[in-house]
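So the sequence shown is numbered by our numbering: it starts at 2 and just counts up by one.
Even glycine gets a Cβ: it sits at the ideal position worked out from N, Cα and C.
In this text the structure is predicted, and so the values were computed from the model without any measurement.
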Amino acid sequence: MARDTDTPVVSNYARYWEAPFNRPEAYPIAQELDPAHYRPLGPWMGRLVLPTIQERARVRGTWLELYHAPETHRALVGTRVRLRWADTPDLNARLWGVTRTVVFNDEAWEAVRKGIVLGERLHGLSNVNPLESLAGAHANDDILVRLDGAVQVELQPPDGHEPVVVIRRMPVEISAPYYALVRFAGPASVADGYTVHHYNAATADFSGPEEVLYLPEVVPDSNETRNSTAAGIECSPCNAQGWYIYGARDRQGRLVVRALAARQVLRLNPQVAVVVGTSDAMDYLRPRQWKRAAARGEATQALLVPDGIHPDAARAAWQEGDRVLLIHLYGGIGGKKTEPAARTPLYWGHFAFGVATVIHEPLANELGFDIVYNQVYAHNADGMTAGALHYSRYSGDRQYGWAGVRPIQDLLVKIDALSGAFSIWGTEVTALEEIERQLEVMEARYRIADGRGGTRVGALNNCAQDGAQALYAAVRTVGRILGARADVRAEMSDTPEEAQRLKALQELGDEIQRVLLPWGAAREDWEYSVASLGSEGGGIFGTIGDAVKSWRTMLPPVAARSLAEVFLDHGGAIYVLRTYQVGGNDPDVEPIVPNI
């Protein structure tokens, strides 16, 4: 169709692109950083580059311009490799199921005209796979990623072309490849410069080297709101424990900070406050308590556990290597620059799942959380994409992230039924991994709207609805396998520990299904994975009828609390991380906690 001739709205993403520090070309791939104070965010990192039409058949995935690689493959850094999925029956079934020809419909072009960022470069392409839909999500090749999980390399592939890097998990979006742990001392004498002191792990304080970092002022959005500010960051309540800063040196040699994360939030605090008992724990999660628990600029942690658990035992249960389900909820932007969505009496917020891993953080020499959000995210003006996003990208990014302007709550759910492994013919699997797989499928669908180009999400079909659909699908998948395969059931329960875990998983699945579907029957689009994705394909009354069947998931705060209560009732523990517009001081914004 011909595009509307009316003047199009400029997206926030296009506004942000005008700032040179937001562009990948501002930073050389070769970085000279002191390894004692700067660490790579992962062994494999790089920039996704969408193949041209002529290159697609050869690439069969996407290009990855490598920024960092393990020592054994350091020679590949600075080159382009072909990034592909592993050729396995499971991956092929999942990924081909969400591979689509992309043809924008009228609704998609109208969204573009209104300043919504869609993958316009994908329009007209056949068989767009999930790697291409991620690489082509923006108008520019500016998506940086970390490769998690097993990575295989074919240095000399049979076709004689570029090396191939093979993955089994979706790339994780990041803001920058390197991070450090610092405390801000105050503004430096150069423009946008701030003096910091690095952390000294030997003395457990910030007596390390002094350095000047650069925090350029971020570009305001269409509401004239800046997602973060560095003003007064040295006076922030979070500054005492320090900040993880994520960045790289620009072509002038300046270390530019692209993202921030309060150490107070990401560290596994050995003295964390423990709330014992489901009743008190649920009270802690209610909007009134969330609102009064801290002031703007602060961050808090708490550990919620069922009745009968001693606080010391609750703290000690969290160990390096633990992988746990994350339930994310954010609030609104209030104050003088209240966002349009928050100008009503009720504010629902945004809901997502994710995975948190307990890691040993080497700079602080302590345990901490590596957080990856699995965002089922509709197309938007900021260019935030549906997919796996690291904490530094989704929450901490100074330009695109939300921690500087929104209250954020992350619930880290430790429960053996989800995280505990089953050994099936020599292969260890967990229910949490199945949840991740289902979320990857939903994210891939969202990026191209099942080929229509753009997702439109409203009250009746939103992030919570579709994230819950992925959780429901994971529970159903496990149940279907158990119901159909007696040999699998036997293999998953051949030790007393696994038998107990399997029983707990089945009971947990039944309860999750009851909470998500209080009317008993599954929504047709959930039962058969029909592509609704915010559209009204069944008509408005059909959409309302489907939504009523899963009414709790219409409201993100209710969905988060309902699931939290289920996990507590089944013996789980929940680490609660909250931030209240952390970073520098912007007097024009105030946090709005979801009030439903």
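Under 8 Å, do V166 and V152 count as touching if we go by C-beta distance?
Yes.
Return yes when at least one heavy atom of the ligand HEM lies under 7 Å from the C-beta of N130, else no.
With respect to small molecules bound, the structure shown includes none, and the ligand HEM cannot be examined in it.
Using the beta-carbon count (16 or more within 10 Å), is E591 buried or exposed?
Result: buried.
With DSSP collapsed to three states, give me the class of R121.
Reading the sequence as shown, one finds Glu at residue 121 and not Arg. Here DSSP, grouped into helix, strand and coil, assigns E121 to helix.
If you pair each beta-carbon of the region 224-238 with each one of the region 331-342, do three or more pairs fall below 8 Å?
Verdict: yes, contact present.
Paired residues, beta bridge with A303 - DSSP:
Residue pairing by DSSP places A303 opposite V577 in a beta bridge.
Reduced DSSP category for W86 - H, G, I as helix; E, B as strand; rest coil:
DSSP places W86 within a strand segment (E or B) once states are collapsed to three.
Check for me: the alpha helix (DSSP H) holding F207 runs from which residue to which?
Under the DSSP assignment, F207 falls outside any alpha helix (DSSP H); it carries neither an H nor an E label.
Bridge partners for Q153 per DSSP, in chain order?
In the DSSP assignment, the residues bridged to Q153 are V167.
List the endpoints of the continuous beta strand (DSSP E) containing K415.
Annotation: the continuous beta strand (DSSP E) that includes K415 extends over 408-415.
For the structure I just gave you, are there three or more beta carbon pairs, one from the region 414-428 and one from the region 493-504, closer than 8 Å?
With the cut-off at 8 Å, the region 414-428 and the region 493-504 touch.
Can you look up D398 in the DSSP assignment and give me helix, strand or coil?
In the structure shown, D398 adopts extended strand secondary structure according to DSSP, grouped into three states.
Take S563 as the anchor and find which of R438, D284, G402 has the nearest alpha-carbon.
It is D284 whose Cα lies nearest to the Cα of S563.
Could you check how far apart the C-beta atoms of V275 and Q400 are, in whole angstroms? I think they sit under 8 Å.
Contact between V275 and Q400 is ruled out by a C-beta separation of about 36 Å, above the 8 Å threshold.
Three or more beta-carbon pairs under 8 Å between the region 563-581 and the region 288-306, yes or no?
Short answer: they touch.
Supposed contact pair A353 and R457 - C-beta distance, whole angstroms, cut 8 Å:
About 18 Å; that fails the 8 Å criterion.
Member of D251, T358, R75, V50 whose CA lies at the smallest distance from the CA of G150
With respect to the C-alpha of G150, the residue from D251, T358, R75, V50 having the closest C-alpha is T358.
Just verifying my parser: in three-state terms, what is the DSSP assignment at R48?
In this structure, R48 counts as strand in the three-state DSSP scheme.
Is it right to say A112 is buried, meaning 16 or more other beta carbons lie within 10 angstroms of its own, or is it exposed?
The residue is buried, with at least 16 neighbouring Cβ atoms inside 10 Å.
Where in the region 224-299 do unbroken runs of the alpha helix (DSSP H), each at least 4 residues long, occur, reported from the N-terminal end onward?
For the region 224-299, whole alpha helix (DSSP H) runs of length 4 or above, ordered along the chain, are 264-267, 279-285, 288-293.
Would you give the residue range spanned by the alpha helix (DSSP H) that N375 belongs to?
That residue, N375, is in no alpha helix (DSSP H); its beta strand (DSSP E) goes 367-376.
State yes or no: is the C-beta of G384 within less than 8 Å of the C-beta of V118?
Yes; because the gap between Cβ atoms is below 8 Å, this pair is in contact.
Assuming I409 and S134 form a contact by the criterion Cβ under 8 Å, report the distance between their Cβ atoms to the nearest whole angstrom.
By a beta-carbon distance limit of 8 Å, I409 does not contact S134. Their separation comes to about 27 Å.
Check each candidate in Q501, Y395, Q290, T478 and name the one with the smallest Cα separation from I593.
Out of Q501, Y395, Q290, T478, Q290 has the C-alpha closest to the C-alpha of I593.
Rounded separation between A475 and E434 - CA only
Roughly 9 Å between the two C-alpha positions.
Of the residues V104, A31, V173, I328, which one's Cα is nearest the Cα of A249?
Nearest Cα to A249 within the set V104, A31, V173, I328: A31.
If we ignore side chains and look at the alpha-carbon of each, how far apart do N13 and I513 end up?
Those two C-alpha atoms are separated by around 38 Å.
Counting along the chain, where does the beta strand (DSSP E) carrying Y331 start and finish?
Where Y331 is concerned, the enclosing beta strand (DSSP E) starts and stops at 324-331.
Taking the straight line between their C-alpha atoms, what separation do you get for R16 and Q242?
Taking the straight line from one Cα to the other gives about 34 Å.
Look at the alpha carbon of P106 and the alpha carbon of R446, and state the distance between them as a whole number of angstroms.
It should be pointed out that residue 106 corresponds to Asn in this sequence rather than to Pro. Spanning the two alpha carbons is a distance of roughly 15 Å.
Exposure of R75, with buried meaning 16 or more beta-carbon neighbours within 10 Å:
Label assigned to R75: exposed.
Sub-8 Å separation of L326 and I234 beta-carbons
No, Cβ-Cβ distance for L326 and I234 is not below 8 Å.
Quick check: the Cα distance between V104 and A138, rounded to an integer number of angstroms?
Distance between the alpha carbons of V104 and A138: 14 Å.
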